[in-house]
Each structure stands twice: as structure tokens, then as C-alpha cells.
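Participant: My questions will all concern the structure given below.
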Amino acid sequence: MGRRRDDDPEKDKKTAPPVRDVGAATVASGSPTWVRCKRCDTPFPVRPNGAGRQARYCSPACRQASYKAARTPGPGEQRRALVQDLTRTLDLSTLRPLADQLGVEELAAARRHLDGLVRHWDALTALIAGDLPEGNVLTGDTVTAPLVTKSPDPLPAPESAPAVPAVVTTGGLRPTPEQDLIISACAQGMHLVVEAGAGTGKTSTLRMAAAAMRGRGVYLAFNKSIATEAARTFPKSVSCSTAHALAYRAVGVAFRHRLDGPRLPVRETARLLGISGPLVLGEGEERRKLAPEQVARLVMETVTGFCRTAAREVARRHVPRVNGVDGAAAQQLADVVHPMAVKAWEDLTSVSGKLRFAHDVYLKMWQLSGPTIPADFILFDEAQDADPVISAVVQAQQAQLIAVGDSQQQIYDWRGAINALQNWPAEKRLFLTQSWRFGPAIADEANRWLDLLGARLRLTGTAAIRSRVAPCDQPRAVLCRTNGEAMVQAMQGLDDKRRVALVGGGNSVRRLAEAAQALKEGKGTAHPDLCAFSTWAEVQDYVENDEAGADLSALVKLVDDHGTATLINAARRLVEEDQADLTISTAHKGKGREWASVRIAPDFREPKVDEDGRPGRVPAGEARLAYVAVTRAQKHLDRGGLAWIDQHMARIDR
Numbered sequence: 040m041g042r043r044r045d046d047d048p049e050k051d052k053k054t055a056p057p058v059r060d061v062g063a064a065t066v067a068s069g070s071p072t073w074v075r076c077k078r079c080d081t082p083f084p085v086r087p088n089g090a091g092r093q094a095r096y097c098s099p100a101c102r103q104a105s106y107k108a109a110r111t112p113g114p115g116e117q118r119r120a121l122v123q124d125l126t127r128t129l130d131l132s133t134l135r136p137l138a139d140q141l142g143v144e145e146l147a148a149a150r151r152h153l154d155g156l157v158r159h160w161d162a163l164t165a166l167i168a169g170d171l172p173e174g175n176v177l178t179g180d181t182v183t184a185p186l187v188t189k190s191p192d193p194l195p196a197p198e199s200a201p202a203v204p205a206v207v208t209t210g211g212l213r214p215t216p217e218q219d220l221i222i223s224a225c226a227q228g229m230h231l232v233v234e235a236g237a238g239t240g241k242t243s244t245l246r247m248a249a250a251a252m253r254g255r256g257v258y259l260a261f262n263k264s265i266a267t268e269a270a271r272t273f274p275k276s277v278s279c280s281t282a283h284a285l286a287y288r289a290v291g292v293a294f295r296h297r298l299d300g301p302r303l304p305v306r307e308t309a310r311l312l313g314i315s316g317p318l319v320l321g322e323g324e325e326r327r328k329l330a331p332e333q334v335a336r337l338v339m340e341t342v343t344g345f346c347r348t349a350a351r352e353v354a355r356r357h358v359p360r361v362n363g364v365d366g367a368a369a370q371q372l373a374d375v376v377h378p379m380a381v382k383a384w385e386d387l388t389s390v391s392g393k394l395r396f397a398h399d400v401y402l403k404m405w406q407l408s409g410p411t412i413p414a415d416f417i418l419f420d421e422a423q424d425a426d427p428v429i430s431a432v433v434q435a436q437q438a439q440l441i442a443v444g445d446s447q448q449q450i451y452d453w454r455g456a457i458n459a460l461q462n463w464p465a466e467k468r469l470f471l472t473q474s475w476r477f478g479p480a481i482a483d484e485a486n487r488w489l490d491l492l493g494a495r496l497r498l499t500g501t502a503a504i505r506s507r508v509a510p511c512d513q514p515r516a517v518l519c520r521t522n523g524e525a526m527v528q529a530m531q532g533l534d535d536k537r538r539v540a541l542v543g544g545g546n547s548v549r550r551l552a553e554a555a556q557a558l559k560e561g562k563g564t565a566h567p568d569l570c571a572f573s574t575w576a577e578v579q580d581y582v583e584n585d586e587a588g589a590d591l592s593a594l595v596k597l598v599d600d601h602g603t604a605t606l607i608n609a610a611r612r613l614v615e616e617d618q619a620d621l622t623i624s625t626a627h628k629g630k631g632r633e634w635a636s637v638r639i640a641p642d643f644r645e646p647k648v649d650e651d652g653r654p655g656r657v658p659a660g661e662a663r664l665a666y667v668a669v670t671r672a673q674k675h676l677d678r679g680g681l682a683w684i685d686q687h688m689a690r691i692d693r
């Protein structure tokens, strides 16, 4: 028998349809049935069975091999990635203060360390086909470790995480023993609280921990700039964001038209809320009158307070306190403001509402919706300052939770923040105590406030940084307790011919001065600190006779001594921080920052001694603020207004 036509390969080759190259277009019914494999170039048949993406590979093996090759970076990409990882690993915020403080011998050792790194940087340029030349392998054994001081554990033997080999990061930089415990516990999937003292490198610790953890992660930061910086340095498996950014994508985007809308004048807000006349509170000397605009502002502040809590509904407790409105008058104010705030919330949750829509609104709406954050683990930074609304969202997740912060830097009680770390559910509580910001002298001063607070954490300074605690005539920064004292210090700096910057700018001072002038003229003011007063004399009386008015005393003295015109002129003479040789800030606004030399202003006052000579109690919030203030200094701390701690502690020890 003759062979069948199908058995003749030559005949098949001549009669088979022409093979065409594979493109991205879809295959229509009736298309040619033979194409070439993108991997091996072998012709293979494609059935013309209608619409669909055209086949590119002759077999699953070719398809998988092609995908794998596409995911494998080439030599150039590997070189760029290695250089990028090395750059990320070198923590310049740690190395800069060390370099400033090194002696001759220490500088020589540092130079040898850098020379070793330079040799290996040079080796990178010789990379061929992704391989390093023999003898130039970048490992923890061939690259000199950074100059760091290991600190003893000053804590009462915390429960240790199971021991694992020390993690070696790219470039040969090793974590400290404290960091090793944290990284190990994170890698094992534990829910953690990490108490990280001032300047102890919590963000770099989280970065190393993230590299050791499996699955997808989310890093939550307090503000956008921190989240943006983290996104540059954290592993690709970790998404870095703020809680507001997550809430916006889930809820806020539907209200984008309201966020982008024009600012609403407060008188228009009052009209929308149905406030047509002034609100009179109290009787006799306690009588206070609030204009419609002032009531409208209080209504919106009530909603803002609600948005920062984990509450399900707007309540009377969310109505803010007003200077000069106390007792029965305060209750009367809540009776009026609360129902208006409920009405305002209804408007805000409608896409067609009219009131001004703020970012805290969609964050609250997101929390009330019971959201799920798509992650295997969540790294929650600065957790001590988290509003209850954010804490509620994070704690409701099923992911591994790592909350990081410093309980003793919780200083935002006034805006609804809670010390979330104190009651955060966790399997372990670990600590970072080695501060890379300052030396032992400033660490000792910080520990005095930690002693007073009864904190478990104690700081160890970096021995290579020669810090001191002594008077300083020309500090780079002055930290104040109140805004009024900040302006006093700014004016003194201007009188001394220094270039002065005020953190937050001079607009707040100018507005206070203008409000004071309006009260002097009997016009009243909508300024939140002074809106309950009709005249300047009422403010003076309030500060003199009511302990609740202590925060306004510096402002009143400033206005009375210098006049409002002088204050307004001084505000205009302030410069930007990058042009200043003296920066003035409140301790609250200075949190998270650092300066080479810091002086503490005199408005941090010691509690009064009782009749028996016993020291008065220092409120925990004031002690935490003092701790934040003294830990802003890197080299030189002038305790100034906090030097009373010596005498206070001596009285306690008697």
C-alpha cells in the first residue's frame, strides 16, 4: 500500500497553510491555523474557534519558561538594584551626628571603614553578567560594620523572642541585639508592641523587620511625608500609606467634588445650620454672648471631635470646651450645639450636602463601614499619637499587628489622641533603648523625666556623641510650652538681631494680635481662643482669677506690655526656617524634630509646694511634654525652664 498523504512530511510542508507571526490581536474565526511559538519558534496549530486572545506558546513548558525569563532581571537591572539597596541601608540620619562628634582616632577608624566600602562600590562597576569578581563578594564578612555602640539592656529582663540567627542587611550592616529580638518576633508572626524611645531608630528597625516577614504588608504612618519616605526605602512587598489615603481610596473618592469645593465662609455655615441670632449663656457676671458665626464654628468642631473618636454617633461629650464658659453655661451650650452637630453630620455624609467637607469626615465614614485592609501584616508607626478612630480600624483587622511608638511621647490629648500603646493587644512588648540622636548626658536628663513618669523604658545615649547639659547663650532652637511664650521668645530674638523663624509661621500670632485688638475696640472676635469674651478686660480678668486661663497668661502679658501693633509688625519680620539662625517652637510642634542645641523656655512651671513642703504632683501630660522637649537636643541642652526638676526630685526623695 502506498503511504497516506498525512505520512509524507515533505508533502505536509508544501500543503500546510502559511505560518504567520503571532501578534497581540485577537483571532477571528477562520484565521490561519499555524503560528510560531514565541519561545522555541516551532510551528504549532491554532484552532480557529472564534474570539479570544491568540495563543503564543506551543506548550505549557514554553509558556512557563518565557514568563520566568521575563521576570529575571538582567545584569544592568541587578546592578542598579544592588546600588539602590546599599544606598537605602546606609542610615545617614544616624551617621551624620556621629561624624560631627568623632575625635582624631575615631575619625581614622571611620575613614578605614569608609575606604572598605569604597573598594566594594568600585567592585560594582566591574559586574559582568550579574556576577562579582572573585574576592570582591559583598557580604557581612567583607564589609566593615558601622561604628555603633551596643547598649546594655536597662530593662527588667523582658521576655525574649525565640533566638534566631542575626539578620544581616545589604551592605553588611547588622541590627543591634534589641533590633534582633524585634525582627525575630515579627518574622514568627507575633502581634507586637514596640516601645521605641526618642531617637532609637524605630523606622529603620521596621524596615529590617519588613524584609524578614512573609506576605503582603502595610506600613501606616502619621503623615504623608513619612509614608512617602518609607515607600522609598521599604521592601516592595510593603505598601506605605497614611490611614487617610486608605480611607480616601475606599470612601473619600466619592466625595471628591466636595473636597475640591470652595471654602465656606463661617456666616454661610451658620445660615445652612439655621443659626440666625446670637446665643446668650449664663447670667450676671457669668453672662456670655456668642455670635452666630461662633456657634457655627463650635458645631463644626463638635463634628470634628466625633470624627476622631471610635464612637458610632455624635454625642454631647464631643462638644468642645470654651474659655470662659463653665458650669451651667457649659451645659446650656451643649444643649444647643449637640442637635445642630447631629444635623451637620447628616449633611456631611450626603454626596449632595452643602457644608464644608474635610478629610477627617471620610476617615470617620471609612471606620464606621468596618473596612478590611488587604494585608498579611500591618506596621503601625507612631501608634501612641493615633486617634481612637484609626486605632479602632487597625485593631479590627485579622492581620499580624505591630504597633510601634513611644508611650511617653503621647502629647496630643487635647485633640482626642489616646495612648494607644498602653492598652494595645499584643503577645509581646519589646523595647528600643539605644538612642542615636544624643550622648549620655542628654539621655540621663531624659531618664529623669521617665523616672518621674514611672515608665519602664530608659534611654542609653551614644557614647561617640559628646553631648552636654548646660546654659547656652546662642541656641539653635528655643522650645516653649505655649504659643504666647513662643512669641515672647521670638521678639527677644529679633531684639538680639537674630534671624528668627517661628515653627508654624507668624500668621497664628498675627491673628491672635488682631483678635486682641478687636476686643480692645469692643467688636468681639471669632478667634477660637477668645471668642467667648466681649472685651479685652474680660480676658484680663479671666487670666487673673481663673486657673483655667493660665494658657492665655503669656499672650495677655505680651499684648499689655508691647501692644498689638508691635506684635503684628514682629510677625512680619519672621523668616523661613532655612534662612534662620534661631528657630522658636512650641514643644508640641517640635515633636519629631531635632536641633544641635536647644534651650527650654521659662513657661514650663514647677507645681506648687503644699503647706508641709511636699512637692506638688506633676501631671503626666506635662511630664511627657518635658520629656519630648529635652530629647530634641543632639549636642547641647539648656534646661532653662525645666531645671526645677532637680529640686522637685530632691523633695520626693526626702
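Position in the sequence shown (first residue = 1) + 39 = my numbering.
All C-beta atoms in this analysis are idealised placements derived from N, C-alpha and C, irrespective of residue type, glycine included.
(1) Roughly how many angstroms separate the alpha carbons of G313 and T348, rounded to a whole number?
(2) In this structure, does DSSP put H675 in helix, strand or coil?
(3) Apply the 10 Å Cβ neighbour rule to R487 and answer buried if 16 or more other Cβ atoms are within range, or exposed otherwise.
(4) Rounded to whole angstroms, how far is the Cβ of V578 from the Cβ of S592, which I believe are closer than 8 Å?
(5) To the nearest whole angstrom, what separates the beta carbons of W463 and A414, a pair I think is in contact under 8 Å?
(6) To which residues of the same chain is T574 closer than 8 Å at the C-beta, ignoring the five residues directly before and after it?
(7) May I have a chain-ordered list of the alpha helix (DSSP H) segments no shorter than 4 residues that lie completely inside the region 270 to 331?
(8) In the DSSP output, which residue or residues are listed as bridge partners for Q439?
(9) Could you check if W73 is buried or exposed, using at least 16 other CB atoms within 10 Å of its CB as the buried criterion?
(10) Return the Cβ separation of Y401 and A286 in integer angstroms, given the expectation that the two are a contact with Cβ distance under 8 Å.
(11) For Q473, name the three-state secondary structure that DSSP assigns.
(12) Look at the alpha carbon of V595 and the alpha carbon of L569, and state the distance between them as a whole number of angstroms.
(13) Comparing C-alpha positions only, which one of E322, A335, M339 and L318 sits nearest to L329?
(14) Under three-state DSSP, which class holds T625?
(15) Am I right that R520 and A640 are in contact with their C-beta atoms under 8 Å? What's the rounded C-beta distance?
(16) Going by DSSP, what residues sit across from K630 in a beta bridge?
(17) Just reading off the beta strand (DSSP E) that R75 is part of, what are its end residues?
(18) For T603 and S636, I'd like the C-alpha separation in whole angstroms.
(19) Under the rule that 16 or more other beta-carbon atoms within 10 Å means buried, what is A200, buried or exposed?
(20) Determine the contact status of V305 and E332, defining contact as a CB-CB distance below 9 Å.
(21) Quick one: measure Cβ to Cβ for Y258 and A269, integer angstroms, because I've assumed they're closer than 8 Å.
(22) Taking DSSP as the reference, what is the three-state secondary structure of K562?
(23) Work out the CA separation of A662 and G679 for me, nearest whole Å.
(24) Note down the Cα distance separating D483 from A350, rounded to an integer number of angstroms.
(25) Would you kindly work out how many angstroms separate the C-alpha atoms of I282 and A260, rounded to a whole number?
(26) At what residues does the alpha helix (DSSP H) containing P82 begin and finish?
(27) Would you decide whether I441 is buried or exposed? Buried here means 16 or more other CB atoms lie within 10 Å of its CB.
(28) Give me the Cα-Cα distance between Q436 and T411, rounded to the nearest whole angstrom.
(29) Contact defined as beta carbons within less than 8 Å: I believe H230 pairs with A516. What is the distance between those atoms, to the nearest angstrom?
(30) Between K647 and G655, what straight-line distance do the alpha-carbon atoms span, to the nearest angstrom?
(31) Taking the alpha carbon of V233 as the point to measure from, which residue in F419, R253 and P214 has its own alpha carbon closest?
(32) Over the uninterrupted alpha helix (DSSP H) stretch that includes V527, give me the two end residues.
(33) Quick test of your reading: K241 and L471, contact by CB under 8 Å. State the CB separation rounded to the nearest angstrom.
(34) Which first and last residues belong to the beta strand (DSSP E) in which A516 is found?
(35) Can a CB atom of chain D be found closer than 9 Å to the CB of L491?
(36) Closer than 6 Å by C-beta to A94: which residues in its own chain qualify, once you throw out the five before and the five after it? Chain order, please.
Facilitator: So, to answer that:
(1) Indexing the sequence shown from 1 puts residue 313 at position 274. Indexing the sequence shown from 1 puts residue 348 at position 309. Their Cα atoms are separated by approximately 26 Å.
(2) Within the sequence shown, residue 675 is the residue found at index 636, counting from 1. Correct three-state label for H675: strand.
(3) Sequence index remark: in the sequence shown, residue 487 carries index 448 (1-based). The residue in question, R487, is buried, as its Cβ has 16 or more Cβ neighbours within 10 Å.
(4) If you number the sequence shown from 1, residue 578 lands on position 539. If you number the sequence shown from 1, residue 592 lands on position 553. No, V578 and S592 are not in contact; Cβ-Cβ is about 10 Å, not under 8 Å.
(5) On the sequence shown, position 424 is the one that residue 463 refers to. On the sequence shown, position 375 is the one that residue 414 refers to. Not quite, the Cβ-Cβ distance comes to about 17 Å (not below 8 Å), so this is no contact.
(6) Counted from its first residue, the sequence shown places residue 574 at position 535. Once the five neighbours on either side are set aside, the close Cβ partners of T574 are L558, K559 and G561.
(7) 282 to 289, 295 to 298 and 305 to 311
(8) Along the sequence shown, one-based indexing puts residue 439 at 400. According to DSSP, which records beta bridges pairwise, Q439 is partnered with F416.
(9) Locating residue 73 in the sequence shown gives position 34, where the first residue counts as 1. When all chains shown are included, W73 counts as exposed.
(10) Sequence index remark: in the sequence shown, residue 401 carries index 362 (1-based). Sequence index remark: in the sequence shown, residue 286 carries index 247 (1-based). So it is a contact: roughly 5 Å between Cβ atoms.
(11) Taking the first residue of the sequence shown as 1, we reach residue 473 at position 434. In the structure shown, Q473 sits in a strand (DSSP, three-state: E or B).
(12) The residue given as residue 595 occupies position 556 in the sequence shown. The residue given as residue 569 occupies position 530 in the sequence shown. Those two C-alpha atoms are separated by around 11 Å.
(13) Taking the first residue of the sequence shown as 1, we reach residue 329 at position 290. Considering only alpha carbons, the answer is L318.
(14) Here residue 625 corresponds to residue number 586 of the sequence shown, with the count starting at 1. T625 falls in the strand class under three-state DSSP.
(15) Taking the sequence shown and counting its residues from 1, one reaches residue 520 at position 481. Taking the sequence shown and counting its residues from 1, one reaches residue 640 at position 601. Indeed they touch by this definition, with Cβ atoms about 7 Å apart.
(16) Residue mapping note: residue 630 aligns to position 591 of the sequence shown, counting from 1. Paired residues: none, contrary to the question.
(17) As a working note, residue 75 is residue 36 in the sequence shown. Per DSSP, R75 belongs to the beta strand (DSSP E) from W73 to R75.
(18) Working through the sequence shown from its first residue, we reach residue 603 at position 564. Working through the sequence shown from its first residue, we reach residue 636 at position 597. Cα-Cα distance, rounded: 31 Å.
(19) As a first step, residue 200 must be located in the sequence shown, where it is residue number 161. Unreliable placement is indicated for A200, whose pLDDT of 40 sits below 50; the coordinate value is still reported in the next sentence. A200 is buried by the Cβ-count criterion.
(20) On the sequence shown, position 266 is the one that residue 305 refers to. On the sequence shown, position 293 is the one that residue 332 refers to. Against a cut-off of 9 Å, the Cβ pair of E332 and V305 comes out as a contact.
(21) Counting from one through the sequence shown, the residue named residue 258 turns up at place 219. Counting from one through the sequence shown, the residue named residue 269 turns up at place 230. The pair is a contact, with the Cβ atoms about 5 Å apart (cut-off 8 Å).
(22) Reading the sequence shown from its first residue, position 523 is the one you call residue 562. Looking at K562 - three-state DSSP - the assignment turns out to be coil, as it is neither helix nor strand.
(23) Here the question's residue 679 lines up with position 640 in the sequence shown. Here the question's residue 662 lines up with position 623 in the sequence shown. Distance between the alpha carbons of G679 and A662: 15 Å.
(24) Translated into positions along the sequence shown, residue 483 becomes position 444. Translated into positions along the sequence shown, residue 350 becomes position 311. Straight-line Cα distance between these residues: approximately 41 Å.
(25) Translated into the one-based positions of the sequence shown, residue 282 becomes position 243. Translated into the one-based positions of the sequence shown, residue 260 becomes position 221. The question names Ile, but residue 282 in the sequence shown is Ala. If you take the alpha carbons of A282 and A260, they lie about 7 Å apart.
(26) Locating residue 82 in the sequence shown gives position 43, counting from the first residue. No alpha helix (DSSP H) holds P82; the beta strand (DSSP E) holding it covers P82 to P84.
(27) As a position in the sequence shown, residue 441 is number 402, starting the count at 1. Looking at its Cβ environment, which holds 16 or more other Cβ atoms inside 10 Å, I441 is buried.
(28) For the purposes of this step, residue 436 is taken as the residue at position 397 of the sequence shown. For the purposes of this step, residue 411 is taken as the residue at position 372 of the sequence shown. The straight-line gap from Cα to Cα measures roughly 6 Å.
(29) Within the sequence shown, numbered from 1, the residue matching residue 230 stands at position 191. Within the sequence shown, numbered from 1, the residue matching residue 516 stands at position 477. That belief does not hold up - the Cβ atoms of H230 and A516 are roughly 38 Å apart, past 8 Å.
(30) Counting from one through the sequence shown, the residue named residue 647 turns up at place 608. Counting from one through the sequence shown, the residue named residue 655 turns up at place 616. Going from the Cα of K647 to the Cα of G655 covers about 5 Å.
(31) If you number the sequence shown from 1, residue 233 lands on position 194. Measuring from the Cα of V233, the nearest candidate turns out to be F419.
(32) For the purposes of this step, residue 527 is identified with residue 488 of the sequence shown, where counting begins at 1. Segment N522 to D534, the alpha helix (DSSP H) holding V527.
(33) Counted from its first residue, the sequence shown places residue 241 at position 202. Counted from its first residue, the sequence shown places residue 471 at position 432. So it is a contact: roughly 6 Å between Cβ atoms.
(34) Here residue 516 refers to the residue found at position 477 when the sequence shown is read from its first residue. Start and end: A516 to C519.
(35) You won't find chain D in this structure, because it holds only one protein chain.
(36) For the purposes of this step, residue 94 is taken as the residue at position 55 of the sequence shown. Once the five neighbours on either side are set aside, the close Cβ partners of A94 are V85.
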